[in-house]
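S.K.: Quick one: structure below, then a few questions.
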C-alpha cells in the first residue's frame, strides 16, 4: 500500500504533500497544516469507530442491567484491561516497532511469531480470568470471558500490525464489524429482553472474531514468506523492548482500577457502577486521545535522529491539534453535567445524580490529556522510563489519597483522588520533558 505521508517520500508533508514538479500554492504553514490533518484523519476515524462502539456498549449495558450487575461488568472489564496491558506491552508495542522497520515480508514473519507468543500468554491470562470469575461467584462468566479475551486480543494483534504498516484505513472494516457489531448485537438482545452479562460477552466475542478474520485478510498473512523467528528469540527481544512499557501501562491502568476495587470493597458493586457511569462520559474523548497517542510516538521516533528537541517539535502540533476540541468538550461536561447524564442514560436512570463526580472526572481528564501527549512523546524517543516515573507518581498519589477521601466523601472522594493524581502526573511530566530536552541540547561552542 502506498504510504504517501512517510517523511522523505515525494508526497510527504516535508515536501508540502505535493508530488515533485507540482505547483505549490499558499503559505508553507497551510501546506504543513494540511499534511498534519491528512496524517491524523485515518487513525482518528479508526479510533473513533472503536471508541464509539465501546461507549455505546457501556451505555447500553448501563441502561439494561441492574446497577449491581453493571458493577460486576465494570470490575470484570477492569480486570480484562489489566490483562490487555500485558499483551499490549509485551506483544503489540514491540510488534509495532519491529514490524515498522522490517518491511512487508519481515513484518509478516514477526506477526506470525507474535501470534505464537499470544498463545503462550493466553494460558496464564485464562487462569486469571477463571479465578476472578470464581472469586466473584460468577462461574457462568468464565467461558464467555475467556472467549472474548482470546478473540479480542487476536483481533488487536492484526490491528496493530496494520498500524505498524501505517495502513490505518485497512483496519477500519474489521474494527467496524467488531466494535459497532457488538453494539448492534447487544441492542438486539436488550430489545428482545434476553440480555444478560454472559450474553453480552458472547456477542463481544463473536464480533471480535469476525473482525479478526477481516483484518487478517487485509494484512495478507495467508501469503508465503520469510519463516517466523523462533519463539525464544522473539520472546527475549520483545521483553527487552516492552518491559518498561509493561510497567508503565500497568501503573496507568491500576491508577484508575484501584478506585473501582476500593469502592467495591467499601460499598459493593452498585457504587462501582456509579463510578463507571461517570467515567463513561469522560471516555467520549477517547477517540481523540488514543488516536493522537497512536501517531505521536511514530512521529517523534522518525524525527528523533535529529535530537529530542526536534522530535518534540515534530510531535507537538499533533498534541496541540486536539486541545480546542478537548477543552470545549470538558468545559461543557463541567458546566452542564445534568443534561448530559439525562441525554445519555435516560430520564428515569439511577445515574442522574452524578453531576459532582462527573465534574471532578472532567477536571482530571483535562490534566490527563496534556500528560498523555507528553508520555506518548517519551515512548517515541525511547524514554519510556520517564513515562513510568510519571505514572508511578500518579499511582502513588491515588493510593495515598483514595482511602481517606473515599472513606470521608464516598464516590466524590474517589473522584477527587483522581484529580489529585492527574495534577501530580501533569507537573512531573512537564518537569521531565524540560529536563530531557535540555540534557540533549548541544553544548555551546567554547
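Residue numbers (the numbering used here): 1 to 446. Each residue gets a CB set at the ideal place from its N, CA and C atoms; glycine is no exception. Predicted, not measured: the structure shown is a model, and the values here were computed from it.
Would residue 192 be called buried (16 or more neighbouring beta carbons within 10 Å of its own) or exposed?
M.R.: Translated into positions along the chain shown, residue 192 becomes position 192. By the neighbour-count rule (16 or more Cβ atoms within 10 Å), residue 192 is not buried but exposed.
S.K.: Taking all protein chains shown into account, do 16 or more other C-beta atoms lie within 10 angstroms of the C-beta of residue 186, making it buried, or fewer, making it exposed?
M.R.: The residue labelled residue 186 in the question sits at position 186 within the chain shown. Residue 186 comes out buried.
S.K.: Just the C-alpha distance for residue 413 and residue 280, rounded to the nearest angstrom, thanks.
M.R.: The sequence position of residue 413 within the chain shown is 413, counting from 1. The sequence position of residue 280 within the chain shown is 280, counting from 1. Approximately 18 Å, taken between the alpha carbons.
S.K.: With a threshold of 16 other CB atoms inside 10 Å of the CB of residue 42, please say whether the residue is buried or exposed.
M.R.: Here residue 42 refers to the residue found at position 42 of the chain shown. Result: buried.
S.K.: Taking the alpha carbon of residue 381 as the reference point, which residue from 110, 323, 315, 130 has its own alpha carbon closest?
M.R.: Indexing the chain shown from 1 puts residue 381 at position 381. For residue 381, the nearest C-alpha among the options comes from 315.
S.K.: Rounded to a whole number of angstroms, what is the C-alpha to C-alpha distance between residue 25 and residue 46?
M.R.: Taking the chain shown and counting its residues from 1, one reaches residue 25 at position 25. Taking the chain shown and counting its residues from 1, one reaches residue 46 at position 46. Note that residue 25 has pLDDT 45, beneath the 50 cutoff, so the model's placement of it is unreliable and the number below is only indicative. Approximately 31 Å, taken between the alpha carbons.
S.K.: Taking all protein chains shown into account, decide if residue 402 is buried (16 or more other Cβ within 10 angstroms of its Cβ) or exposed.
M.R.: Within the chain shown, numbered from 1, the residue matching residue 402 stands at position 402. Under this definition residue 402 is a buried residue.
S.K.: If you measure between the beta carbons of residue 447 and residue 52, is that distance less than 9 Å?
M.R.: Nothing can be reported for residue 447: it is not among the residues displayed for the chain, which extend from 1 to 446.
S.K.: Got a sec, what are the start and stop residues for the alpha helix (DSSP H) residue 66 sits in?
M.R.: Sequence index remark: in the chain shown, residue 66 carries index 66 (1-based). It is not in any alpha helix (DSSP H) - residue 66 carries neither H nor E in the DSSP assignment.
S.K.: Distance check for residue 322 and residue 44, CA to CA, integer angstroms please.
M.R.: For this step, residue 44 is matched to residue 44 along the chain shown. For this step, residue 322 is matched to residue 322 along the chain shown. Cα-Cα distance, rounded: 11 Å.
S.K.: How is residue 192 classed by DSSP in three states: helix, strand or coil?
M.R.: In the chain shown, counting from the first residue as 1, residue 192 sits at position 192. Reduced to three states, the DSSP call for residue 192 is coil.
S.K.: What residue range does the alpha helix (DSSP H) around residue 310 cover?
M.R.: Working through the chain shown from its first residue, we reach residue 310 at position 310. 308–321 is the span of the alpha helix (DSSP H), which, as asked, contains residue 310.
S.K.: Over the uninterrupted alpha helix (DSSP H) stretch that includes residue 304, give me the two end residues.
M.R.: Mapped onto the chain shown, residue 304 falls at position 304. First-last for residue 304: undefined, no H or E at that position.
S.K.: Relative to the alpha-carbon of residue 375, which residue among 327, 196, 428, 400 has its alpha-carbon at the smallest distance?
M.R.: Numbered from 1 along the chain shown, position 375 holds the residue referred to as residue 375. Closest by alpha carbon: 428.
S.K.: Counting pairs of Cβ atoms below 8 Å between the segment 109–126 and the segment 149–159, do you hit three or more?
M.R.: Verdict: yes, contact present.
S.K.: Whose CA, out of 209, 141, 111, 336, lies closest to the CA of residue 161?
M.R.: Working through the chain shown from its first residue, we reach residue 161 at position 161. With distances taken between Cα atoms, residue 161 lies closest to 111.
S.K.: Below 9 Å between beta carbons: does that hold for residue 397 and residue 421?
M.R.: The residue you call residue 397 lines up with position 397 of the chain shown. The residue you call residue 421 lines up with position 421 of the chain shown. In contact: residue 397 and residue 421 (Cβ atoms closer than 9 Å).
S.K.: Three-state secondary structure (DSSP) at residue 26?
M.R.: Along the chain shown, one-based indexing puts residue 26 at 26. Bear in mind that the predicted position of residue 26 carries a pLDDT of just 49, short of 50, making it unreliable; the figure below should be weighed with that in mind. It is coil, neither helix nor strand.
S.K.: Using CA coordinates, which residue listed in 295, 298, 339, 370 is at the minimum distance from residue 324?
M.R.: The residue given as residue 324 occupies position 324 in the chain shown. Comparing Cα-Cα distances from residue 324 to each of 295, 298, 339, 370, the minimum goes to 370.
S.K.: Do the CB positions of residue 333 and residue 90 come within less than 9 Å of each other?
M.R.: Along the chain shown, one-based indexing puts residue 333 at 333. Along the chain shown, one-based indexing puts residue 90 at 90. Going by C-beta atoms, residue 333 is not nearer than 9 Å to residue 90.
S.K.: Just tell me which of 130, 298, 423, 288 has its CA closest to the CA of residue 361.
M.R.: Stepping through the chain shown from its first residue, residue 361 is reached at position 361. The residue with the shortest Cα to Cα distance from residue 361 is 423.
S.K.: Have a look at 388, 211, 393 and flag the residue whose alpha-carbon is nearest the alpha-carbon of residue 242.
M.R.: Walking along the chain shown from the start, residue 242 turns up at place 242. It is 388.
S.K.: Of the choices 154, 238, 198, 255, whose alpha-carbon is the least far from that of residue 215?
M.R.: The sequence position of residue 215 within the chain shown is 215, counting from 1. Answer by Cα proximity: 154.
S.K.: Between residue 352 and residue 312, what straight-line distance do the alpha-carbon atoms span, to the nearest angstrom?
M.R.: On the chain shown, residue 352 is found 352 positions in, with the first residue counted as 1. On the chain shown, residue 312 is found 312 positions in, with the first residue counted as 1. Cα to Cα, residue 352 sits roughly 42 Å from residue 312.
S.K.: For residue 410, which option in 108, 272, 137 has the closest C-alpha, if you only look at C-alpha atoms?
M.R.: Residue numbering aside, residue 410 sits at position 410 when the chain shown is read from its first letter. Considering only alpha carbons, the answer is 272.
S.K.: Does DSSP put residue 381 in a helix, a strand or coil?
M.R.: Position 381 of the chain shown holds residue 381. Residue 381: coil per DSSP, three-state reduction.
S.K.: Classify residue 165 as buried or exposed, calling it buried when 16 or more other Cβ atoms lie within 10 Å of its own Cβ.
M.R.: Taking the chain shown and counting its residues from 1, one reaches residue 165 at position 165. The residue in question, residue 165, is buried, as its Cβ has 16 or more Cβ neighbours within 10 Å.
S.K.: Measuring straight from C-alpha to C-alpha, what distance separates residue 117 and residue 158?
M.R.: Residue mapping note: residue 117 aligns to position 117 of the chain shown, counting from 1. Residue mapping note: residue 158 aligns to position 158 of the chain shown, counting from 1. For residue 117 and residue 158, the distance between alpha carbons rounds to 14 Å.
S.K.: Report yes if the C-beta distance between residue 248 and residue 384 is below 9 Å; otherwise report no.
M.R.: Within the chain shown, numbered from 1, the residue matching residue 248 stands at position 248. Within the chain shown, numbered from 1, the residue matching residue 384 stands at position 384. Against a cut-off of 9 Å, the Cβ pair of residue 384 and residue 248 comes out as a contact.
S.K.: Taking residue 318 and residue 290 to be in contact with their CB atoms under 8 Å, please state how far apart those CB atoms are, rounded to whole angstroms.
M.R.: Counted from its first residue, the chain shown places residue 318 at position 318. Counted from its first residue, the chain shown places residue 290 at position 290. Rounded, the Cβ-Cβ distance is 13 Å, inconsistent with contact.
S.K.: For residue 211, which residues in the same chain have their Cβ closer than 7 Å to its Cβ, ignoring the five residues on either side in sequence?
M.R.: The residue given as residue 211 occupies position 211 in the chain shown. Closer than 7 Å at the Cβ level, and outside the excluded window around residue 211, lie 155, 174, 175, 177, 178.
S.K.: Cα-Cα, which of 97, 355, 171 is closest to residue 278?
M.R.: Translated into the one-based positions of the chain shown, residue 278 becomes position 278. It is 355 whose Cα lies nearest to the Cα of residue 278.
S.K.: With 16 as the cutoff for other CB atoms within 10 Å, does residue 347 come out buried or exposed?
M.R.: Here the question's residue 347 lines up with position 347 in the chain shown. With fewer than 16 Cβ atoms within 10 Å of its Cβ, residue 347 is classed as exposed.
S.K.: Just to confirm before moving on: does the CB-CB distance between residue 141 and residue 195 stay below 9 Å?
M.R.: Here residue 141 refers to the residue found at position 141 of the chain shown. Here residue 195 refers to the residue found at position 195 of the chain shown. Cβ atoms of residue 141 and residue 195: not closer than 9 Å.
S.K.: Would residue 259 and residue 54 qualify as a contact pair, given that the criterion is a beta-carbon distance under 9 Å?
M.R.: Counted from its first residue, the chain shown places residue 259 at position 259. Counted from its first residue, the chain shown places residue 54 at position 54. Cβ atoms of residue 259 and residue 54: not closer than 9 Å.
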